[in-house]
Amino acid sequence: MIKRESIDKIIDLAHIEEVVGDYVTLKRRGANMIGLCPFHNEKTPSFIVSPAKGIFKCFGCGESGNSIGFVMKHENLSFVESIRLLAQKYNFELEETQDTEEEKQKRDERESLFIINKFAQEHFSHNLWETDEGKSVALSYFKERGFTKNTIEQFQLGWAKESFDDLNTAAKGQQYSQELLQQNGLISVKNDRTFDFFRARVMFPIHNISGKVVAFGGRTLSSDKKVPKYINTPETPIYSKSRVLYGMYQAKKAIRQQDNCFLVEGYTDVISLFQAGVENVVASSGTSLTMDQVKLVKRFTPNITLLFDGDAAGLKAALRGVNIILEQDLNVKIVPLPTDEDPDSFVKKVGLSGFEEFVQKEAKDFILFKTDFLLQDGKNDPVKRAEATRSVIESIALIPDNIKRAFYIRGCSAQLGIEEQLLHSEVNKEIRKNLKKKGKISRQDKQLLDQQEADALKKQPQTLELEYFRHHFAEKEILRILFEYGHLTFQDNISVSDYIQYELEDVTFKDDTYNVLYKMCFDQNKAFSMKDILANEDEALVETVINVIVFKDELSTGWWDKHEIRVERFNEEHFAPEVLQKVSRFKLAKLYEMILDREEQLLKENSAEEEDQLLQELRHLRALDIEYRKELNIDSHIRVELKREVR
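The opening residue of the sequence shown carries number 15 in the numbering used here; numbering runs sequentially from there.
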């Protein structure tokens, strides 16, 4: 394991402008540098590098990170591999800790499993190209599918012989462990007899994002309906089918460049499209789409296009997995192919240009398509229309982005023939139901959603999660001043990070990711270091940090007039007033939360003693509210009316 001190040294040596400058032509613009993004096609530069902060951010595709993160994304390397590459570039010798025997054994075992899979892949390829059985059966099949030699080699396709022990015998000859072969799902043992798991099948190796073979899919060429058409490697220590997408290793560069990912169902769909020139394509391999698979796509693009058979069954299959995509805030389009066509057959028929023209013309926003599709089945049936409406509401409620969700509500209200206010209210109910399921609904969230349901039919709908956003913004600002000023000396000769830790002792942030980052700032056994946080292996956390730093001025000052979310501008050389103000505003937001909590408790059945205690607490909290507002020069008033008079 690489020592923390070595990682810190690499970050110090690998200046972001030097690392990025090896791949991108950068021009100075004030304190920052700008260039064309290497992760997606653009003509106008939107890729910003900040030498002072040691980070990059593309405002076109959203990619961000530090020098290590840039190498990881550009070279498709792991965190450790990227550090080693940078160490080599800067002639720095890394110091590494000695692994324990258990760690060494576990690492060696994983590496052995990868080596065995590599051997199996090469063996299956040898069978395809060098044996009579492979050439006459499997190679003929691939050629009938139209696959070229280059494509077959690029996807490392192969053939598993009909023999019961062909692979096992070859592995024994190379002294590979039968235990590891079995652990990798390549052989099975039954009644003391060992036999190959894959027999008489064309083979499709499944790669992880780094290009290592983690599993196999095997297709039978037999017409016997009792024989499963496809079988796949079972779950192993190096393979979890819910976390892998077929073709992602080959497609990831094109996905970034095209800023879009096509999703299809099968191996041959991926291979045919890739060979035709549509390289930004992956497959779920016949399984239901999972959250981890969606997150994998999200690492490369926020846009996903579903390509499915044009018949009703194909379209219904497409509808099933999309809610997971929406929940991850990806933009989803769907392209229904002509009847009796699948991606494989269609691209062979029309070619690349015909395919691209068809997609451009027929691609439809998923939510609007779903609404139309479901309504077709129940044009004159009120019950079916209600069911369709409920299904659309469920999908809209999963979209995290408030603005995007509001536009969908407006568009779908016209399609469904429902007033926008009513649809807003129903989406709101669904959001609350989802929050309850996850155990994440707070008292103030519930109170706000309840009130909005009552108000939705009377007036123009409000932003559904305004209270959440008020807290979200306050938490974001605390993180920002920690990240930007945490290391600086503050009043009474203490650091900003120490001051915040003292003032906000034992606080828990409502936003889960922000809470993790906040705890990280103080869980280290040394002084606060922004460099340490940016060097975290979790790309999502690092991206959040960069967004917090970069977007400090994203709200206009008009937000106070509408929503009491104050946005001041400070001179960064005079940070002390900003620190004091942001901490006070955070406390005010938390105080508001506590007032709501006590008010809600008063609405319940309480004993006289309990009610007196709650009233005392409420008076104290209101007094603090007034005090903080005076300090911050905010009009003193309580922002929530009680649902009934409190006596």
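Glycine included, every Cβ here is placed at the ideal spot set by N, Cα and C.
Threshold first: 3 residues or longer. Then list the beta strand (DSSP E) segments lying entirely within the segment 307-370, N to C. 317-322 and 345-350
Under DSSP, the beta strand (DSSP E) around residue 219 begins and ends at which residues? 215-221
Helix, strand or coil: which one does DSSP assign to residue 47? strand
Rounded straight-line distance, which links the Cα of residue 108 to that of residue 98: 8 Å
Hey, could you find the ends of the alpha helix (DSSP H) residue 181 is sitting in? 180-187
Bridge partners for residue 198 per DSSP, in chain order? According to DSSP, which records beta bridges pairwise, residue 198 is partnered with nothing at all.
Tell me which residue opens and which closes the beta strand (DSSP E) that residue 523 is part of. Careful: residue 523 lies outside any beta strand (DSSP E) and carries neither H nor E.
Short of 6 Å in beta carbon distance, which residues of its chain neighbour residue 246, apart from the five on each side in sequence? Order them along the chain. 231
Contact defined as beta carbons within less than 8 Å: I believe residue 311 pairs with residue 297. What is the distance between those atoms, to the nearest angstrom? Not really, about 12 Å apart at Cβ, beyond 8 Å.
Residue 232 - DSSP class collapsed to helix/strand/coil: strand
Residue 381 and residue 349 closer than 8 Å at C-beta: no
Using DSSP bridges, identify the partner residues of residue 209. 202
Label residue 85 either buried or exposed according to how many other C-beta atoms from any shown protein chain fall within 10 Å of its C-beta, with 16 as the threshold for buried. buried
Beta bridge counterpart(s) of residue 174 as assigned by DSSP: 215
By a C-beta neighbour count over all protein chains shown, 10 Å radius and 16 as the cutoff for buried, is residue 516 buried or exposed? exposed
Cα-Cα separation between residue 366 and residue 533, rounded to whole angstroms: 51 Å
What is the rounded straight-line gap between the Cα of residue 306 and the Cα of residue 257? 5 Å
For residue 15, count neighbouring C-beta atoms within 10 Å of its own C-beta (all shown protein chains included) and say buried if the count is 16 or more, exposed if not. exposed
Mind checking which residues open and close the beta strand (DSSP E) that includes residue 16? Element bounds for residue 16: n/a, residue is neither H nor E.
Whole angstroms is fine: what's the gap from residue 150's alpha carbon to residue 172's? 13 Å
Helix or strand or just coil, what does DSSP make of residue 279? coil
Alpha-carbon to alpha-carbon, residue 201 and residue 255: 19 Å
On the premise that residue 414 lies in contact with residue 343, defined as a C-beta separation below 8 Å, what is that separation, rounded to the nearest angstrom? 5 Å
Between which residues of its own chain and residue 341 is the CB-CB distance below 7 Å, once the five residues before and five after are set aside? 412
Is it the case that the segment 130-141 contacts the segment 212-227, given that we only count it when at least three CB pairs across the two stretches are under 8 Å? yes
Should residue 287 and residue 216 be called a contact, given that it needs their Cβ atoms to be closer than 8 Å? no
Note the first and the last residue of the continuous beta strand (DSSP E) segment covering residue 292. Neither: residue 292 is in no beta strand (DSSP E) and is coded neither H nor E.
Any alpha helix (DSSP H) of 4 or more consecutive residues that is wholly inside the segment 64-105: 81-89 and 93-103
Can we say the segment 504-518 touches the segment 620-637, given the rule of at least three CB pairs closer than 8 Å? no
Which same chain residues, not among the five before or five after residue 583, have their C-beta less than 6 Å away from its C-beta? Note on residue 583: pLDDT 45, under 50, position unreliable in the model; the coordinate value appears next. Cβ neighbours of residue 583 beyond the five flanking positions: none.
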